[in-house]
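Residue numbers (this note's numbering): 2 to 183.
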């Protein structure tokens, strides 16, 4: 009555339907339990270097731009996103400013993996960076950063085991650039 291939097909179909249902329940319960928003506090200590750069190209062209480096401290509470469905977080600091057009630049990023042991989630979810140097300098090809207010934004991308990758801004901090080059 039932052949070996029909039984194998039945087992595979039942297993895949069960896994799909459990994955959907995992995603829905993780979303339902996340009732708070993560928070961040960013402090810019100083503009380490702020200078104007002129570059001559081999073909005779010229490029001018502003370049700035910073030191910062970041405290972030990421407990609301640490659920059983979290695989890792991608945290980054973005700078947004108005040159002749709105420009953005990522100056720092960090990957935070969730520990396997739930007792270590508390420690991993509290991020404290003190007097940290940025990884990537802020460059403005319009050379218009002098005396301008820029906005530092702290973003996270949540990468779950099952479900969609979500991106959310957890803080926005204005900063006034220096009036003179250093």
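Built from N, CA and C at the ideal position, the CB exists for glycine as well.
Buried or exposed (CB count within 10 angstroms, at least 16 for buried), residue i
i	result
residue 175	exposed
residue 170	exposed
residue 92	buried
residue 20	exposed
residue 67	buried
residue 13	exposed
residue 141	buried
residue 96	buried
residue 39	buried
residue 94	buried
residue 84	buried
residue 41	buried
residue 26	exposed
Opposing strand residues paired with residue i [DSSP bridges]
i	result
residue 177	150
residue 172	155
residue 64	56
residue 22	Answer is none; residue 22 lacks a bridge partner.
residue 76	42, 129
residue 139	69
residue 47	72
DSSP state of residue i mapped onto helix, strand, coil
i	result
residue 93	strand
residue 105	strand
residue 83	coil
residue 161	strand
residue 134	strand
residue 144	coil
residue 113	strand
residue 37	coil
Which listed residue (the options) has its alpha carbon closest to that of residue i
i	options	result
residue 34	124, 147, 82, 88	82
residue 158	101, 168, 144, 133	168
residue 128	113, 7, 138, 70	113
residue 162	7, 9, 24, 11	24
residue 125	5, 53, 80, 148	80
residue 110	104, 102, 133	133
residue 148	107, 76, 98	98
residue 45	119, 76, 103, 104	76
Beta-carbon proximity list for residue i, same chain, < 6 Å, skipping 5 on both sides
i	result
residue 63	57
residue 47	72
residue 1	Outside the displayed span of the chain (2 to 183) sits residue 1, for which this structure offers no information.
residue 145	100
residue 122	83
Closer than 6 Å: residue i CB and nearest the ligand COA heavy atom
i	result
residue 86	In terms of ligand content, the structure shown is empty, and the ligand COA therefore cannot be addressed.
Contacting residues, own chain, Cβ-Cβ under 7 Å from residue i (five flanking each side not counted)
i	result
residue 131	74
residue 164	28, 86
residue 89	112, 113, 114, 115, 160
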